[in-house]
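K.L.:
The listed protein sequences correspond, in order, to chains A and B.
Here the first sequence stands for residues 1 to 911, where the numbers follow our numbering.
Here the second sequence stands for residues 1001 to 1413, where the numbers follow our numbering.
We put the CB at the ideal spot given by N, CA and C, even for glycine.
Computed from a prediction, not measured in an experiment: that's the story for all the values here.
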Amino acid sequence: MDAATKTPLELATVTIFGPDSSVVAYKLSDKDGIFIFEKLPLKKKLLVSVTYTGYASYHTSIQQDAAKTDTLSVLMMLSSKDTVVVTAAIPIKMNGDTLEINPAAFKMKNDAVVEELLNQVSGITIWSDGTITVNGKKVNSLLVDGKPFMGATDSRVATQNLPKSAIDKIQLYQEYDRTNINQPSTKPQDSLLTMNIKLKENAKKGYFGKAGVGYGSQDRYEADLSFQMYNKRSSAGIGGGINNINKSIGNLQEIFQNNTYRNYNPNLYNVGRFGTNGINKNHSIGGVIVHNFIESSNSRQNDRLTLNYNKSGTDAFISDKSYQSRTTIGNPQFISEDGIQNNLSNKHDIGIKYLKTNSYNDNFDVNGSVSTNTESGRSDRAVEVRDSVDQLQSTNYTTTLTSRRSDNESLNVNFSKRDDEQPVKSFNTRLDASRSNSVSERDQESEFNSRIDPTKSAYTNRHYTTNNESLNLTANFDYAGFKRLLLGRYNLFGVTLSLNQWVNYSRVTDNTIVRDYDTTLKQALFNGKLSNSNKREVFEYTPSFSLSKEFFKWNDITYKSFQIFFKLLDDFKIDNNTSSFAQRNLRRNFQFFRQEGSLSYRFSRREKYNYFVYGYYSKNLEYPSIDRLYTIVDDINAYEIRYGNPNLKNSINHAVNFNGNFNTENKKSLYSINGNFGGRYSVALDPVTDSTINDSSGKRMYYYTNADRTTNFNVNYSFNISRKLNKNNIQLMYNGDFRTGKQPNFIDGFSNVSTTGSISNNFTLQFSFKSYLVLTAGQNFQHNNSRQTASGLRAFKNDSRTTKFGIVVNYPSGFTLSSTLDHITNTSLSKPVVLWNAFASYRFMKQQGELKFSAMDLLKQYQNISNSVNYSGTTTRITNGLQQYFMLTFSYYPRKFGKTEIKRQKIDRDY
Amino acid sequence: MRRPLLCLIVMLFSQLIRTNAQSQLQKIYVHPKTPGNEKQSKFIDSIRFIPLEIKEGIELTTHANVEVTANYIMIRNYANKEALLYTKNGRFVKKISYKKLGDFFYPVYDEHKDQLIFWGNNRNYQLTSRDRIKVKLDYSNPRNKRYFKKYKIDLKDTTFTIKKDIPQQNDILNSTYYYDDVYVMGNINTSELYKDSLDYELKLYKGNQLIKSYFPYNHINEAKYLYAEENITRNLTDTPYIQIVTRPYCDTIYKMVKDSLFPAYQIVLPLENSLPPSFFNKPFKNKADRENFRRNNGWMFHQVYMFYETPRFIYFLMAYQSNYETYLYQKKTNTICKVKNIKPDSSQYNLQLFEQYGNSRKQDKFYKTIKAGDILPFFEKNKEVPVPKELESFLKSNPPENTPVIIEFKLKN
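(1) Tell me which same chain residues have a C-beta within less than 6 Å of the C-beta of Ile721(A), skipping the five on either side of it?
(2) Which one of Gly33(A), Phe17(A), Ala112(A) has the shortest CA to CA distance from Pro45(A)?
(3) From the DSSP output, in three-state form, read off Gln218(A) for me.
(4) For Ile1211(B), which residues of its own chain have a beta-carbon under 8 Å away from its beta-carbon, when the five flanking residues on both sides are left out?
(5) What does Pro423(A) reach in chain B if we use C-beta pairs closer than 9 Å?
(6) Quick check on the burial criterion: 16 or more other C-beta atoms within 10 angstroms. Buried or exposed for Pro812(A)?
(7) Short of 8 Å Cβ to Cβ, which residues in the segment 1295 to 1310 of chain B face chain A?
(8) Near Asn784(A), what residues of its chain come up, given a Cβ to Cβ distance below 6 Å and the 5 sequence neighbours on each side ignored?
(9) Given a limit of 8 Å on CB to CB distance, which residues of the segment 352 to 386 of chain A reach chain B?
(10) For Lys187(A) and Arg700(A), I'd like the C-alpha separation in whole angstroms.
(11) On the DSSP bridge list, what partners appear for Pro543(A)?
(12) Let me check one thing: in DSSP terms, what residues is Ala840(A) bridge-paired to?
(13) Please say whether Leu42(A) and Ala66(A) have beta carbons closer to each other than 9 Å?
(14) The beta strand (DSSP E) with Gln393(A) in it runs from where to where?
(15) I need the DSSP call for Glu254(A), collapsed to helix, strand or coil.
(16) Asp224(A): buried (16+ other C-beta within 10 angstroms of its C-beta) or exposed?
(17) List the endpoints of the continuous beta strand (DSSP E) containing Ser369(A).
(18) Suppose contacts are defined by Cβ-Cβ distances below 9 Å. Is Asn119(A) in contact with Ser771(A) by that definition?
(19) Tell me Val48(A)'s beta-bridge partners as DSSP assigns them.
(20) Mind checking if Arg1361(B) is an interface residue toward chain A, Cβ cutoff 9 Å exclusive?
(21) Whole angstroms is fine: what's the gap from Lys81(A)'s alpha carbon to Ser296(A)'s?
(22) Which residue's Cα is closest to the Cα of Ile34(A): Phe1378(B), Cys1250(B), Asn1359(B), Val1093(B)?
(23) Chain A beta carbons: is any one of them nearer than 9 Å to that of Asn1071(B)?
(24) With a CB to CB cut of under 8 Å and the five nearest residues on each side skipped, what residues in its chain are close to Lys896(A)?
(25) Are Ser248(A) and Asn270(A) touching if we call contact CB-CB under 9 Å?
(26) Should Thr789(A) go down as buried or exposed, given a rule of 16 or more other Cβ atoms within 10 Å for buried?
(27) What is the rounded straight-line gap between the Cα of Asn135(A) and the Cα of Ile167(A)?
(28) Do Tyr623(A) and Tyr614(A) have their beta-carbon atoms positioned less than 9 Å apart in this structure?
(29) Measure the C-alpha to C-alpha separation of Asp690(A) and Ile747(A) and round it to an integer number of angstroms.
(30) If contact is defined by three or more beta carbon pairs under 8 Å, each pair taking one atom from either stretch, is the segment 830 to 846 of chain A in contact with the segment 870 to 884 of chain A?
(31) With Phe805(A) as the anchor, note down where its alpha helix (DSSP H) starts and where it stops.
(32) On the DSSP letters alone, give me the boundaries of the alpha helix (DSSP H) that Glu175(A) sits inside.
(33) Please tell me whether Val1093(B) and Phe1160(B) are closer than 9 Å, where the distance is taken between their beta carbons.
(34) Measuring straight from C-alpha to C-alpha, what distance separates Lys1099(B) and Tyr1367(B)?
(35) For a cutoff of 9 Å on Cβ pairs, would you count Thr1061(B) as touching chain A?
(36) Applying the criterion that 16 or more other CB atoms from any shown protein chain within 10 Å of the CB defines a buried residue, is Lys1282(B) buried or exposed?
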């Protein structure tokens, strides 16, 4: 209250600080000057600060020893000073349409990063997968000073590296989605919720990163490097890694994302991967430079060049054993396979990206990439096929040596412009060009033995030399000014018209020379049945015409929008194949007239919730490729010999894609809920399918043929709910998918329809207690099944279930103890497997050095087993992989933001 | 030859007026960062509640404002697309729904004719700003009327029927009634479509005859007006025939007495909020450049909009490039205060009466709409505070929470 008049003061800021000056809670007084705090910590000395512009601040300390309601009356005196300086920072306020968060109002430890700050702000939820929502709305774009930080698309590079102390303010606002230029709105929102982190003036230059090296038992090792620096206009980063623990390194952006400074909730699954097949020695190193030619602090204007280079490679050793139950009419087969593979790959990628925009109405970007790839490998496989009474039917032993060298170049140019003043000048263009060239050599030695019909046994030693060149050119021109051109000022009841021209030219040239080693003559002989040269040229032109119309209604509380979209397309295709084989010289012309259309509905109840549903129907026609009509039959793999069918018909595909989402937007609610679903239902008429003949010798032949129809349906869904409990947070994330399909085929001459289905469900429950404790529990359940209609064929099913627990304890200061435990059950396992990993880390050297001890697979139980089901049966695969190991890792985090130490500043924020 | 000479004379004359007058101008110093915080009771008195007759289905929506006509009080409920008419003592007269007119029509009160006018584009056509200029250049062509729709409600006719009206030249040219048979045009824009490069920001017409014009500018390529649509604003004063005139990008505020114009005040801003010289002499390359300037310099001066003066205060709404702020200037202390920082207290029922983007005003009275639910809790909690007489029976009738209530108040004399 005003001390002089005893009148209430509305919107006084009341802040409660803990003993360490951290903000415990904050409130604004209501119209009657009343403020209520609930569930304050007991037996702790708390400082109450009440500030009101123009009045002298009021401070007092309180301590609650027992749970009770207490009252504090505050009388505030007008400040005697002529000039009033606001010293108490307001934690969160609206500035026009922008919500502004003031980091200075949140007292946190010195090394706290932006993500920890956001966790303290009411209404903001950091989900366990890194997604950020504000009052239920997903943050789609995160910018630092109006630009993507370090050119990164993942927000975590900024939120998990930038220290809170370097931030001036965090702004949240809706921004126009540039990808919608000239497009009819089919998305739930035409604007993106954007989070912009404004750096303090003296922190607009800095560097940060991580360099870590670890060594462990069984000669396991890993090393990571990530270093990034930035100033107002430019940023640069280098990153790399090498390991033999199956840890994914990924590309440069993934390296930056996986090596952030945040440690209160480390990614417990960014470690050696036990589920990966084999032992993989991965390495990757690269660098990126981003330069902005203009110094703008908004995202409307961009003039940015990004250059990157990455070199990566893998040396993989995989030994596997698989067991397959395969259904055939009256003679089910049991197939066991043993294999050893050694693969070596090396890849160089160079990328260049230029983006120039001057407003939300224009966009020009150029993306170019060059990559070279070399691969070599050796594979040895032994296959045994037995019948239902365990009698050996056939065996096949193969050894394959491959080497391949390829290079790929691509260039994409986008240019979009919308001109409201001169609508006839509104258009989108896109040009794509790609070229690739590969040379491969393959030596394959195969020995097939039939125990039923020994005359069909065969030995082949074949050498393939293949040169492949491909070129693809695509141009797309979307003319949004068509309506204006056609109708002038006439508005056609608000219907939007668009004219689109799509042109594509592709050329693929193959030269294959095959030689068979003749054991009698002891020399390699030219194989005229397989050696061939082939050139396929396809020219496609699709003009299309689309109409769309949006209906909307709004009032004080709700907003409803319904949109209808319809498109007519005419496909013209010329497919010209020239080959050294006469029957493959084929020139075909096609014309398909088809339609697409969509319906979408959006409903929004202001500050409560909104939802969006969308459905898209499309039809397309597919003609059989030359390789299906006149297949070049290679019998080196006796279990998969494919034959073509010149009588194949065109197939017609109908598909309906649908999706929807829901989220709450209630600022007052402690809960944040969101969910979404997406799926596809498709029907193919006259689809190409297999007619499989299991030869009595054990060989397996596949013939292409047309079936009546196939249907496929899949849907994926997720539901997430989070609740704030003071500074703690509990969240449940659920996602799953369901698939089913009917695939007609022929097995040994019998018509059959295979119905396959799978369902997968994932639950994750996470509880965080301030920054001290993070508990996670989750379960993954998968079920697969397959049923056949032909009598004599078997049905199959299998299940797997993984229950996961994780714990992170950040106490005492600098120490982090964490552990994960995965309990895995599988229909192929006689007893469950438990994978228990534990980690201990300590940060020192002013929180810039970290020592980490990892103990992986403590119970030494893990086995790499996977299941799969398809129409022909089930397969269980066991591969080699990681076994128990221990590792000690040292990491150093170089960090500096600004030239001088950043101190808290008093900020006058009444602008 | 005659025209440039005339132009030169006008420019020199207006410059002379400006130079002489500016020395006597009352300066109003505005500091956008001012943290000034004041109590509402210091500025406002004569608060009068106008409780409105309770009618089922009548609710105040978020986007609503009030306007006082000759015989009625009108609430525009934008969200529900309805105008609510009450007598001056709050008796319900009529709910006029204009939903059928579409989303972009709303009633504007024509005081001269005592009519509500709905003016907007014919949605069967889509006009660009170039089209609009072409239409205005050919305003007498009857075919150009099809691009617009006009409806009116004659408030003297108690059926309050929405009637279709024919767009007139004045409507197309956006010229508005001033006094007697004098009309004013204050649209400002530039285009290469104009054949004559000379135009005036403010033009007074009697019938079709131009009687006075002020502030010449280049109609084709005036740097400060390129790629923009601007307007002169006129504010009524308590005295007939006297209006306050403001111009875009001009810190001088003028007083217009009939067809004569005099500089009256000057807004003085800190350097960081003032427009740089390049804004006036270096043309923007395109519309996007202008928009980027506006967005990147959100707190640079644009124009003063509402302006109202009392013996003690000046109340005005100031537009910056992309921000708005309403201020109260205290003449005695030469200090300025943002109205959003003026806080209510219990002596004024804890009701925030100033609105951030300006209140409706009729002569010396300001108006604000509130919901019954905004005032009821105050009297329930503060039993010792006497309920104003005009509210007594209204409060006893237990009105629904969203029932509108109008508050009339004055600035203190």
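P.N.:
Reading from the atomic positions:
(1) As a first step, residue 721(A) is located in the first sequence; it is residue number 721 there, counting from the start. The residues Ile673, Leu732, in chain order, have a CB closer than 6 Å to that of Ile721(A) in the same chain once the five nearest residues on each side in sequence are set aside.
(2) Sequence index remark: in the first sequence, residue 45(A) carries index 45 (1-based). Looking at the sequence provided, one finds Lys at residue 45(A) rather than Pro. Considering only alpha carbons, the answer is Phe17(A).
(3) For the purposes of this step, residue 218(A) is taken as residue 218 along the first sequence, with counting starting at 1. In the three-state scheme derived from DSSP, where H, G and I count as helix and E and B as strand, Gln218(A) is classed as helix.
(4) Within the second sequence, residue 1211(B) is the residue found at index 211, counting from 1. Within the same chain, Ile1211(B) has close Cβ partners Val1182, Leu1204, Tyr1205, Asp1259.
(5) For the purposes of this step, residue 423(A) is taken as the residue at position 423 of the first sequence. Under the 9 Å cutoff, chain B gives Gln1126, Thr1128.
(6) Looking up residue 812(A) in the first sequence gives position 812. Counting Cβ neighbours within 10 Å, Pro812(A) comes out exposed, since fewer than 16 surround it.
(7) Against chain A - using a Cβ distance shorter than 8 Å - the residues of the segment 1295 to 1310 of chain B are Arg1295, Asn1296, Trp1299.
(8) Mapped onto the first sequence, residue 784(A) falls at position 784. If we look at Asn784(A) and ignore the five residues flanking it on each side, its Cβ neighbours are Ser758, Asn798, Val869.
(9) Cβ contacts with chain B: Asn358, Ser359, Asn361, Asp362.
(10) Stepping through the first sequence from its first residue, residue 187(A) is reached at position 187. Stepping through the first sequence from its first residue, residue 700(A) is reached at position 700. Any answer about Lys187(A) is weak, because its pLDDT of 49 lies below 50 and its placement is not dependable; what the coordinates show is given next. In this structure, the straight-line span from the alpha carbon of Lys187(A) to that of Arg700(A) is close to 48 Å.
(11) Position 543 of the first sequence, counted from the start, is the residue given in the question as residue 543(A). Listed as beta-bridge partners of Pro543(A) by DSSP are Gln501(A).
(12) Looking up residue 840(A) in the first sequence gives position 840. Ala840(A) is bridged by DSSP to Leu817(A), Phe853(A).
(13) On the first sequence, residue 66(A) is found 66 positions in, with the first residue counted as 1. On the first sequence, residue 42(A) is found 42 positions in, with the first residue counted as 1. Leu42(A) is positioned such that its CB atom lies closer than 9 Å to that of Ala66(A).
(14) Within the first sequence, residue 393(A) is the residue found at index 393, counting from 1. 392 to 417 is the extent of the beta strand (DSSP E) around Gln393(A).
(15) Start at 1 with the first residue of the first sequence, and residue 254(A) comes out as number 254. DSSP places Glu254(A) in helix when its eight states are reduced to three.
(16) As a position in the first sequence, residue 224(A) is number 224, starting the count at 1. Taking all protein chains in view, the Cβ of Asp224(A) is crowded by 16 or more other Cβ atoms within 10 Å, so the residue is classified as buried.
(17) One-based indexing of the first sequence puts residue 369(A) at position 369. Segment 362 to 386, the beta strand (DSSP E) holding Ser369(A).
(18) The count along the first sequence starts at 1 and reaches residue 119(A) at position 119. The count along the first sequence starts at 1 and reaches residue 771(A) at position 771. Contact: yes.
(19) Looking up residue 48(A) in the first sequence gives position 48. Under DSSP, the beta-bridge partners assigned to Val48(A) are Ile16(A), Thr60(A).
(20) Here residue 1361(B) corresponds to residue number 361 of the second sequence, with the count starting at 1. For Arg1361(B), the nearest beta carbon of chain A is not closer than 9 Å to its own beta carbon.
(21) Taking the first sequence and counting its residues from 1, one reaches residue 81(A) at position 81. Taking the first sequence and counting its residues from 1, one reaches residue 296(A) at position 296. Residue placement at Lys81(A) cannot be trusted, given a pLDDT of 43 that sits under 50; what the coordinates show is reported in the next sentence. Cα-Cα distance, rounded: 39 Å.
(22) Taking the first residue of the first sequence as position 1, residue 34(A) is located at position 34. Comparing Cα positions, the closest option is Phe1378(B).
(23) As a working mapping, residue 1071(B) is identified with position 71 in the second sequence. Answer no: the Cβ-Cβ gap between Asn1071(B) and chain A never drops below 9 Å.
(24) As a first step, residue 896(A) is located in the first sequence; it is residue number 896 there, counting from the start. If we look at Lys896(A) and ignore the five residues flanking it on each side, its Cβ neighbours are Gly206, Tyr207, Phe208.
(25) As a first step, residue 248(A) is located in the first sequence; it is residue number 248 there, counting from the start. As a first step, residue 270(A) is located in the first sequence; it is residue number 270 there, counting from the start. Annotated as proximal: Ser248(A) and Asn270(A), with beta-carbon spacing under 9 Å.
(26) What you label residue 789(A) is simply residue 789 of the first sequence in a count that begins at 1. Counting of Cβ neighbours within 10 angstroms places Thr789(A) among the exposed residues, the total staying below 16.
(27) Reading the first sequence from its first residue, position 135 is the one you call residue 135(A). Reading the first sequence from its first residue, position 167 is the one you call residue 167(A). Approximately 22 Å, taken between the alpha carbons.
(28) Walking along the first sequence from the start, residue 614(A) turns up at place 614. Walking along the first sequence from the start, residue 623(A) turns up at place 623. Contact annotation: Tyr614(A) and Tyr623(A) have beta-carbon atoms that are not nearer than 9 Å.
(29) If you number the first sequence from 1, residue 690(A) lands on position 690. If you number the first sequence from 1, residue 747(A) lands on position 747. Counting only the Cα atoms, Ile747(A) lies some 8 Å from Asp690(A).
(30) Per the Cβ contact rule, the segment 870 to 884 of chain A is not in contact with the segment 830 to 846 of chain A (fewer than 3 Cβ pairs under 8 Å).
(31) Stepping through the first sequence from its first residue, residue 805(A) is reached at position 805. Annotation: Phe805(A) is outside any alpha helix (DSSP H); the continuous beta strand (DSSP E) that includes it extends over 796 to 809.
(32) The sequence position of residue 175(A) within the first sequence is 175, counting from 1. Note, Glu175(A): premise wrong, no alpha helix (DSSP H); beta strand (DSSP E) at 167 to 176.
(33) Translated into positions along the second sequence, residue 1093(B) becomes position 93. Translated into positions along the second sequence, residue 1160(B) becomes position 160. In this structure, Phe1160(B) lies closer than 9 Å to Val1093(B) by Cβ.
(34) Position 99 of the second sequence, counting from 1, holds the residue named residue 1099(B). Position 367 of the second sequence, counting from 1, holds the residue named residue 1367(B). When the Cα atoms are used, Lys1099(B) and Tyr1367(B) turn out to be separated by approximately 25 Å.
(35) Taking the first residue of the second sequence as 1, we reach residue 1061(B) at position 61. Answer yes: the Cβ-Cβ gap between Thr1061(B) and chain A drops below 9 Å somewhere.
(36) Here residue 1282(B) is taken as the residue at index 282 of the second sequence, counted from 1. By the 16-neighbour rule on beta-carbons within 10 angstroms, Lys1282(B) is exposed.
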